[in-house]
Amino acid sequence: MTASGPRTRLDRVRASVGIAQLALQQIEDDLSADDVDGQELAAILRELQEDIDVPGGLFPALAQLLTVAARRAEQIEPDRDGDASCPLHEAAALLTDNAGPRLTWAARSLHPQGDPE
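First residue of the sequence shown: 4, per the numbering used here; consecutive thereafter.
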């Protein structure tokens, strides 16, 4: 591994995070619009949890990213004691097991007829 390798990778991650932050800011701006009604808010929440056009959604993608980081941490932890990997696995599980279903519940309460068959 060269000295520029990790920096280049970190630069790419920083750029990607910046792009994601801009995209999330756009979503936040759309959510803040005065004309967003319950049906539209429910549809937006559903998109965050499960994108219709692409397998998964934002929360499942974030959980997958954390799982990949946890697997890598398992390989490089000094004592393989889980000090780094366990919290990452737990964070992924929180997104999948708690945050995702809560988005679904909120969407259903706002617009139950929008639920997929």
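Cβ atoms here follow ideal geometry from the backbone N, Cα and C, with glycine treated the same way.
Terminal residues of the alpha helix (DSSP H) in which residue i lies
i: residue 92; result: 88-96
i: residue 107; result: 103-113
i: residue 50; result: 41-52
Cβ-Cβ distance between residue i and residue j below 8 Å
i: residue 66; j: residue 106; result: no
i: residue 41; j: residue 114; result: yes
Residue i (DSSP reduced to helix, strand or coil)
i: residue 6; result: Caution applies to residue 6, whose pLDDT of 49 falls short of 50 and renders its modelled position unreliable; the value that the coordinates give is listed next. DSSP places residue 6 in coil when its eight states are reduced to three.
i: residue 81; result: coil
i: residue 72; result: helix
i: residue 36; result: coil
i: residue 59; result: coil
_the stretch 17-34 in contact with the stretch 75-89 per 3-pair CB rule at 8 Å_ = no
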